[in-house]
Amino acid sequence: MALLAYCFVLYCLGGLSASVMYHRILTHRVASLQPLFKKVLLVLALPSGTPVQWVGTHRQHHRFADKPGDPHSPVLDGFRYAHCGWYIPSKNALICLAYALAGVFRMYFDGYWRPRTNQQYNDNAMDIQQDPFCCWLSRKFVYQGIMWLYATVLLVFAYACFGTSGIVATWLTFVVIYNLGDSINSIGHLSGKPGALFHRARNNRFLAYITFGEGWHAHHHDRADRANLGNTYLQIDAGYQIMQFFAHLGLLKFRK
Ligand SMILES: [Zn+2]
Ligand SMILES: [Zn+2]
Numbered sequence: 000m001a002l003l004a005y006c007f008v009l010y011c012l013g014g015l016s017a018s019v020m021y022h023r024i025l026t027h028r029v030a031s032l033q034p035l036f037k038k039v040l041l042v043l044a045l046p047s048g049t050p051v052q053w054v055g056t057h058r059q060h061h062r063f064a065d066k067p068g069d070p071h072s073p074v075l076d077g078f079r080y081a082h083c084g085w086y087i088p089s090k091n092a093l094i095c096l097a098y099a100l101a102g103v104f105r106m107y108f109d110g111y112w113r114p115r116t117n118q119q120y121n122d123n124a125m126d127i128q129q130d131p132f133c134c135w136l137s138r139k140f141v142y143q144g145i146m147w148l149y150a151t152v153l154l155v156f157a158y159a160c161f162g163t164s165g166i167v168a169t170w171l172t173f174v175v176i177y178n179l180g181d182s183i184n185s186i187g188h189l190s191g192k193p194g195a196l197f198h199r200a201r202n203n204r205f206l207a208y209i210t211f212g213e214g215w216h217a218h219h220h221d222r223a224d225r226a227n228l229g230n231t232y233l234q235i236d237a238g239y240q241i242m243q244f245f246a247h248l249g250l251l252k253f254r255k
């Protein structure tokens, strides 16, 4: 039971940091955060990539969605490449599968790799480059050091508390976290209902419920400046609800 609770906390922190911090607040600037709280969420979000690289790449995706220039389009480059191959970069099935199943061990590879690759869109994130803390976190050796420490602390903690099953559970939880995040770039542009505007992004209810609302991806491509990714009460967006909770606590302020 304790092990399941630990995995659930990791899953929530992964969703919260990637969807709320990196995606909605840092990239699309839908809200501002209390400065110390922002630093905490930024550090939690690091397994998703460096702040500068993540924001630059994602803004590039919105600008050229499924057109030449999109860094990860399943329509143009196929499922595997859009899902996770573009990080490496590779379209090789075995390499993509190994990367997708690396789980928590992906942090050791990404710690070295992420700040050194996919930097060609950093100009889209000039505002992030002017933030001293984001800039510091995005530096090669800082990012590498934190990522290696991150993975090691998680694995040592899991082993100390739960033994070998703790290691397996941590690995599996990160396999789930990474693949849910990556599925927005792949499945989110292939399967589901279209949005109001003409683009290939799709609203996928099942995906939305397990990705803190990110599965309402067609709505998001319709209006990237909205904090709430769902359009109706039934289109539950857990990420937005968490943001509202933070706003009640005085930690977050919506831009509009
Ligand atoms: Zn998209
Ligand atoms: Zn976006």
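Just so we're aligned, residue 0 is where the sequence shown starts under numbering that gives the first Met the number 0, counting upward by one.
We treat Cβ as the ideally placed atom computed from N, Cα and C, and that holds for glycine.
R254 - DSSP class collapsed to helix/strand/coil: coil
For S18 and G229, believed in contact at Cβ under 8 Å, the rounded distance: Actually they are not in contact, since the Cβ atoms of G229 and S18 sit about 13 Å apart, beyond 8 Å.
Closer than 6 Å: residues whose CB approaches a heavy atom of ligand 1: H60, A64, G187, H188, A200, H216 and H220
Distance cut-off 7 Å: T169 Cβ against heavy atoms of ligand 2: no
Exposure label - K66; buried when at least 16 CB within 10 Å: exposed
Nearest-angstrom beta carbon gap, L43 and L9 [assumed within contact, 8 Å]: At roughly 10 Å, the Cβ-Cβ gap does not stay under 8 Å, so L9 and L43 are not in contact.
Straight-line Cα distance separating F211 from K252: 19 Å
Own chain, CB closer than 8 Å to W147, minus 5 neighbours either side, in chain order: M106, Y107 and G110
heavy atom of ligand 2 below 7 Å from T26 C-beta: yes
Boundaries of the beta strand (DSSP E) in which A30 is found, first to last residue: A30 to L32
Residue environment, M20, which counts as buried when at least 16 other CB atoms sit within 10 Å: buried
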